[in-house]
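Below: one structure, written as structure tokens.
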DNA sequence: CAATCGTGATGACGCAGGTTAATTTTGGTG
DNA sequence: CACCAAAATTAACCTGCGTCATCACGATTG
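Chains as they are written, first to last, in my numbering: chain H, 75 to 322; chain D, 75 to 322.
As structure tokens, this is what we get:
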């Protein structure tokens, strides 16, 4: 079940068994990739999309001098570049951050789905719009929050998404990112991210150890980052999947 | 023809006559609204979407202290909150910036369209994804550009979109925004936007006069803002609509 | 026509975060 | 276990932009 985490817990769009089966059948291939590999380049026509099964991926835009701005971070269950199906050409690159497992879905299969299953089509559309909502939250983060707030907001967001994927218990989760990665995500320098992490540590809000993030005080961290999870469209009627394996 | 500008010049998704007719038929109502009115509030369920016919609208997220971060600016032809159709509840507010004319499309009509016209559905989906691409360009603007670059980038973007809507000749366009509006858009203070405008004026790049924007040197302005219009998905095979009325 | 208000313009000053550069710690590997 | 590269940490210094304050101008309005 490679699509197991896709749209899991999303409000009002949980997949019917038939829809999930159809999506599984649409997968043409499973791949594993090494960390920090570019998967899709901006401007090149593509005819398939990538469902992230395991690991972390990113989307970014290069500036003129080769520095990059991350515009999205993707976690297991995300349909990373589903938007490439209607767009055909992307405005950004897609890359792995950690080692990953991905499922490839050819656009021809999506064509068939849109013809035959309008309800499932609307759910796929929904999935791309949650990504857009996350873009907007990032815009808020950049425009309204200081450095500490930005990092706090990102950690709250990632925690909430990982809880929904069954990969965090709400306080501790594995995240194979460096402080420099965090800096690219939050639009800061790695030096300043380090200052921020020290602050969060001394305030007993959060400890970041590259491989393990530990949120000591979720509520205060959320307040500091003005984090309100509504934009993630997570259905709270379904409790967190305690059956899953939050990695220590 | 209220939908006349919708998806105009967008690469590969121009509407068939039958599709345009269907969309026109889906409009339940035409409204005119005063400037600076909130149209949709975050968190409230909605069952209709708004097509902007005339004027400028915005989408924004409030912070805890009531300050707001703009996350999108919409121009004539934009389907402002089409994403509310799959999402049902929005993560942000929608408001007018100038006086506007809007067309209301009930979600029940969109239901019918998704059931009956999968090709048109894909084009509607496409339209929401171009908005997401613009979000990403804004993230780049915030993360990688200084104040002058941000304003330059926004002016280039707006010019390109207005050209495609037939509302700019590529050098001059009407834009009913104040410097304070620009500040909210670019994540700056109005004071600093004023300094930026003086710089752009003195460098002979652009003159901003609230009601009229005049781009003196499009190429250098684009360079200064690292502006590459690819993310707008405008089809350049179709030349600008010289038949339309760029307002002086 | 005085009063008010929105918009634009400009100067003085302070600070959050960038820049540069070293040093230490960590984790992987032969 | 010695070695090395990547990551984390810290310090010293600098600057772009925010903050606060004031002033000018044109458009409304009583």
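Every residue gets a Cβ at the ideal spot worked out from N, C-alpha and C, and that includes glycine. None of these values were measured; they are calculated from a predicted model.
Exercise. What is the DSSP secondary structure of residue 163(H), reduced to helix, strand or coil?
Worked result: coil
Problem set entry | residue 239(H) in three-state terms, based on DSSP | coil
Exercise. Alpha carbon to alpha carbon, what distance is there between residue 235(D) and residue 159(H)?
Worked result: 23 Å
For this session: Report the three-state DSSP secondary structure of residue 216(H) (helix, strand or coil).
Result: helix
Exercise. Given that residue 166(H) touches chain D, what residues does it touch there, using C-beta distances under 7 Å?
Worked result: 210
For this session: State the Cα-Cα distance for the pair residue 165(H) and residue 196(D), rounded to the nearest angstrom.
Result: 18 Å
Problem set entry | Contact set between the segment 244-257 of chain D and chain H, restricted to residues whose Cβ is under 8 Å from the partner | none
Exercise. Which residues mark the beginning and the end of the alpha helix (DSSP H) in which residue 298(D) is found?
Worked result: 292-298
Exercise. For residue 162(H) and chain D, any beta-carbon pair shorter than 8 Å?
Worked result: yes
For this session: Could you tell me which chain H residues have their CB closer than 9 Å to the CB of residue 273(D), listed as they occur along the chain?
Result: The premise fails here: residue 273(D) is roughly 19 Å from chain H at the closest Cβ pair, so nothing lies under 9 Å.
Exercise. Counting pairs of Cβ atoms below 8 Å between the segment 205-217 of chain D and the segment 196-208 of chain H, do you hit three or more?
Worked result: yes
Exercise. Between residue 266(H) and the rest of its own chain, which residues show a CB-CB distance below 8 Å, the 5 nearest in sequence each way excluded?
Worked result: 221 and 257
Exercise. If you draw a straight line from the alpha carbon of residue 282(H) to that of residue 112(H), how long is it in whole angstroms?
Worked result: 26 Å
For this session: Please state whether DSSP places residue 76(D) in a helix, a strand or coil.
Result: coil
For this session: Answer yes or no: does any C-beta atom of chain D fall closer than 8 Å to that of residue 140(H)?
Result: no
Exercise. Is there at least one Cβ from chain H nearer than 8 Å to residue 180(D)'s Cβ?
Worked result: no
For this session: Tell me, to the nearest whole angstrom, how far the beta carbon of residue 251(H) is from that of residue 218(D); I am working on the premise that it is less than 8 Å.
Result: With 8 Å as the limit, residue 251(H) and residue 218(D) do not qualify as a contact, their Cβ atoms being about 20 Å apart.
For this session: For residue 318(H), decide whether its Cβ has a neighbour in chain D, counting only Cβ atoms nearer than 8 Å.
Result: Caution is warranted here: a pLDDT of 43 is assigned to residue 318(H), below 50, making its placement in the model unreliable, and the coordinate value is therefore given only provisionally. Residue 318(H) does not count as touching chain D.
Exercise. Whose Cβ in chain H lies nearer than 7 Å to the Cβ of residue 157(D)?
Worked result: 203 and 206
Problem set entry | For residue 255(D), the three-state DSSP class (helix, strand or coil) | helix
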